[in-house]
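Numbering (the working numbering), first residue to last: 39 to 361. Structure record follows, encoded as structure tokens.
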Amino acid sequence: MNSARLQRLLASPLCITALIFVALFAAASCLYDGFCSTRLAVNLVADNAFLAITAIGMTLVILAGGIDLSVGSAIGFASIFTATLIGAHGVAPWLAWTAAIAIGLLFGAGMGLLMQLFKLPAFLVTLAGMFFLRGAAFWLNTESVGIAHPWYDGLAAFELTLGPVGLPSTVLIAAAVMIAGYVLGHHTRFGRTLFAIGGSEQSATLMGLPVGAARVAVYALNGGCAALAGVVATLYTGSGNPSMGVGLELDAIAVVVIGGTLLRGGRGHVFGTVLGVLIFGTIQAAILFDGRLSSWWMRIVVGALLLVFVLLQRVRLPFASRA
């Protein structure tokens, strides 16, 4: 590898995100005893599994030049929908999960179809979807609903033991979604179509790419990911809550951008989003270990990092275009 290529690699957003994660984790490990441990590393994903799943779907949408503000409400709806079916009506968990994810897929596809047929902006369509799903969640139940089911309890407590490390079911589900998102986004024709649409929708259309079908499909996938995140949240908390996921759509967008994905679309990496989630979790864990700082410091640090990456994208884009 020549020096010029190495310099471009080190200056890439993905590499910068990785360096920030390593620096944050190393600093926290030096400051707090017990921070650097396999259990905490697993908890970084376990505590943010539903955010990671949501962010993977959001990455695909943003790569195509879109945005989705409804994912937080979709999480709340899926969680209370699942809890109501299992806890109040005795429906089998696998059937409740299937129904919740199917609704998420259909709702996401419906929003994508509205954007494609009527040329509506994604911001307004998904904003309407956000209000609709949050209202539907509170229409189902205004309070939290506990889930008591032997099979459900067993799955929530399940851990895959790999040597000294135990991986909870929520981590396994999140890891599966991350791998699937990486393969879909970077090693399939569908993923290349999303990059092309985000780079230039007009050029993608002239090349004969299925722009409309891809847009509907990516919003459907994102809706399914958000619904799955709501289901995983019920495993984590043991209940469903109509107010779950409030503001999480902004967290998802933040970790995607911190992960190096260009907000206007066309450039980015799913693995960068994974690093963004790990950065988010590291900041959260460091504040808990410190014990003296308010949880709002996490928002301050994430906001500062988000601003840095937006400025970085602004500075790098003209140079990358000329190259």
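Glycine included, every Cβ here is placed at the ideal spot set by N, Cα and C.
Cβ neighbour criterion (16 or more within 10 Å) applied to residue i
i: residue 338; result: exposed
i: residue 357; result: At residue 357 the pLDDT is 46, less than 50, meaning the model places this residue with poor confidence; the figure from the coordinates comes in the next sentence. Looking at its Cβ environment, which holds fewer than 16 other Cβ atoms inside 10 Å, residue 357 is exposed.
i: residue 289; result: buried
i: residue 185; result: buried
i: residue 189; result: exposed
i: residue 359; result: With a pLDDT of 45 at residue 359, under the threshold of 50, the modelled position of that residue is not reliable, and the figure given next carries that caveat. Exposed: under 16 other Cβ atoms inside 10 Å.
i: residue 108; result: buried
i: residue 241; result: exposed
i: residue 55; result: buried
i: residue 57; result: exposed
i: residue 63; result: buried
i: residue 221; result: exposed
i: residue 361; result: Caution applies to residue 361, whose pLDDT of 46 falls short of 50 and renders its modelled position unreliable; the value that the coordinates give is listed next. It counts as exposed.
i: residue 252; result: buried
i: residue 234; result: buried
i: residue 78; result: buried
i: residue 206; result: buried
i: residue 201; result: exposed
i: residue 217; result: exposed
i: residue 130; result: exposed
i: residue 349; result: exposed
i: residue 219; result: buried
i: residue 175; result: buried
i: residue 329; result: exposed
Contact check, residue i vs residue j, beta carbons under 7 Å
i: residue 340; j: residue 292; result: yes
i: residue 112; j: residue 214; result: no
i: residue 52; j: residue 310; result: yes
i: residue 151; j: residue 163; result: no
i: residue 286; j: residue 110; result: yes
i: residue 102; j: residue 303; result: yes
i: residue 347; j: residue 315; result: no
i: residue 267; j: residue 92; result: yes
i: residue 308; j: residue 97; result: yes
i: residue 237; j: residue 143; result: no
i: residue 279; j: residue 95; result: no
i: residue 313; j: residue 306; result: no
i: residue 66; j: residue 73; result: yes
i: residue 273; j: residue 194; result: yes
i: residue 387; j: residue 105; result: The requested residue 387 is not part of the displayed model; the chain covers only 39 to 361.
i: residue 179; j: residue 122; result: yes
i: residue 149; j: residue 173; result: no
Residue from the options with nearest C-alpha to residue i
i: residue 271; options: 85, 67, 179 and 169; result: 85
i: residue 211; options: 186, 87, 316 and 309; result: 87
i: residue 229; options: 81, 82 and 100; result: 100
i: residue 141; options: 76, 274, 114 and 273; result: 114
i: residue 128; options: 335, 183 and 165; result: 183
i: residue 126; options: 62, 277 and 144; result: 277
i: residue 208; options: 80, 350, 68 and 72; result: 80
i: residue 119; options: 139, 107 and 155; result: 139
i: residue 231; options: 219, 245 and 218; result: 245
i: residue 282; options: 83, 56 and 89; result: 89
i: residue 145; options: 171, 136, 240 and 122; result: 171
i: residue 155; options: 117, 130, 254 and 60; result: 254
i: residue 135; options: 116, 147, 149 and 148; result: 116
i: residue 61; options: 335, 329, 317 and 122; result: 317
i: residue 249; options: 50, 342, 349 and 157; result: 157
i: residue 68; options: 166, 187 and 327; result: 327
i: residue 169; options: 203, 181, 284 and 137; result: 284
i: residue 269; options: 167, 132, 82 and 198; result: 132
i: residue 83; options: 181, 329 and 322; result: 322
i: residue 191; options: 124, 329 and 331; result: 124
Residues that residue i bridges to, as DSSP identifies them
i: residue 199; result: 204
i: residue 215; result: None; residue 215 has no bridge partner.
i: residue 283; result: Answer is none; residue 283 lacks a bridge partner.
i: residue 277; result: 184
Item to complete: Just list the alpha helix (DSSP H) runs in the region 118-160, keeping only unbroken ones of 4 residues or longer that don't cross its boundaries, in chain order.
Response: Whole alpha helix (DSSP H) segments, 4+ residues: 131-156.
Item to complete: Tell me the start and end of each unbroken alpha helix (DSSP H) in the region 252-328 that is at least 4 residues and wholly inside, in chain order.
Response: 286-296 and 308-328
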